[in-house]
Amino acid sequence: MKTIYFAAASLDGYIADKNDSLEWLFKNGPADLSFIKSFMDGIGALAMGASTYEWLLSYNNKNNEPWPYKIPCLVFTHRKLNPVEGADIRFVQGDVGPHHKELVRLANGKNVWLVGGGELVGLFHDQGLLDEMQIQTVAVFLNEGKKLFSRRTETAFKIKQINQRGDTCVDVVYSVK
Ligand SMILES: NC(=O)c1ccc[n+]([C@@H]2O[C@H](COP(=O)([O-])OP(=O)(O)OC[C@H]3O[C@@H](n4cnc5c(N)ncnc54)[C@H](OP(=O)(O)O)[C@@H]3O)[C@@H](O)[C@H]2O)c1
Numbered sequence: 003m004k005t006i007y008f009a010a011a012s013l014d015g016y017i018a019d020k021n022d023s024l025e026w027l028f029k030n031g032p033a034d035l036s037f038i039k040s041f042m043d044g045i046g047a048l049a050m051g052a053s054t055y056e057w058l059l060s061y062n063n064k065n066n067e068p069w070p071y072k073i074p075c076l077v078f079t080h081r082k083l084n085p086v087e088g089a090d091i092r093f094v095q096g097d098v099g100p101h102h103k104e105l106v107r108l109a110n111g112k113n114v115w116l117v118g119g120g121e122l123v124g125l126f127h128d129q130g131l132l133d134e135m136q137i138q139t140v141a142v143f144l145n146e147g148k149k150l151f152s153r154r155t156e157t158a159f160k161i162k163q164i165n166q167r168g169d170t171c172v173d174v175v176y177s178v179k
């Protein structure tokens, strides 16, 4: 069982533009997204920050799409956000350590997916709770936006696997040193 940060980023290390939009990814990212389904098959629980949750809800509302996950999802927030009817969404806050224990329990032997953003994932890494990152780097510069990983100190990883996805994306699995 592993805790994995799985996300797409621009060449300059942003996961969303300054307005929280993922249009750059839809426009420039790989056309074949079957690798996401393979990744999801191994996941038993996921966690995300409030901005990611709010972006996902507004995207689903706009596109008339349902909540995409059938597994438990922890949403980190200090606010009272609206849940999605029928979805297993749990709002939590504070120290990520105890919440990670709960994620592992909920995942029931499968992997835990940290959806993002970069500050939240950094909090897990600070406590030695991040095992791997699988990052799809898309060949586009955004020049500004939401950071892939926000830490003040140097944070190094090892490359475990590399896959090319079409002609605009390289998908790399990094393990924590
Ligand atoms: N390209 C990709 O693969 C990818 C992946 C993930 C996300 N994204 C995008 O990236 C953008 C969001 O990233 P982000 O880094 O700005 O935000 P984020 O991590 O989704 O959300 C940050 C917010 O989460 C809450 N939070 C974080 N840690 C907390 C804690 N320990 N306790 C309580 N609340 C906590 C706080 O919200 P409050 O204090 O307001 O409650 C904080 O402002 C979104 O647009 C999303 O769609 C892209």
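Following this note's numbering from start to finish, the sequence shown increments by one per residue and tops out at 179. Quick reminder that beta carbons are idealized off the backbone N, C-alpha and C, glycines included. None of these values were measured; they are calculated from a predicted model.
Tell me where the beta strand (DSSP E) around residue i begins and ends.
i	result
S241	Since the first residue shown for the chain is 3 and the last is 179, residue 241 is missing from the structure and cannot be characterised.
T157	Counting along the chain, T157 falls outside any beta strand (DSSP E), and DSSP gives it neither H nor E.
In whole angstroms, what is the alpha-carbon distance linking residue i and residue j?
i	j	result
V172	V140	7 Å
H80	Q95	6 Å
K72	S40	15 Å
R153	S53	18 Å
V142	F28	12 Å
T5	R167	23 Å
F2	Y7	Because residue 2 is not part of the residues shown, which for the chain are 3 to 179, the question remains open.
To which residues of the same chain is residue i closer than 7 Å at the C-beta, ignoring the five residues directly before and after it?
i	result
Q129	V98, G99
V175	E134, Q136, K162, Q163
Short of 6 Å in beta carbon distance, which residues of its chain neighbour residue i, apart from the five on each side in sequence? Order them along the chain.
i	result
C75	L48, I91
Which residues in the same chain as residue i place their Cβ atom closer than 8 Å to its Cβ, once the five residues preceding and following it in sequence are excluded?
i	result
T170	N30, G31, P32, V140, A141, V142
L83	A52, Y55, E56, V77, F93
L125	V98
Does the Cβ of residue i have 16 or more other Cβ atoms within 10 Å, making it buried, or fewer, making it exposed?
i	result
Y61	exposed
K160	exposed
Give the range of the alpha helix (DSSP H) segment to which residue i is assigned.
i	result
A52	52-65
Following a CB-centred definition, is residue i positioned closer than 7 Å to any heavy atom of ligand 2?
i	result
R167	For the structure depicted, ligand 2 is absent and the ligand set comprises only ligand 1.
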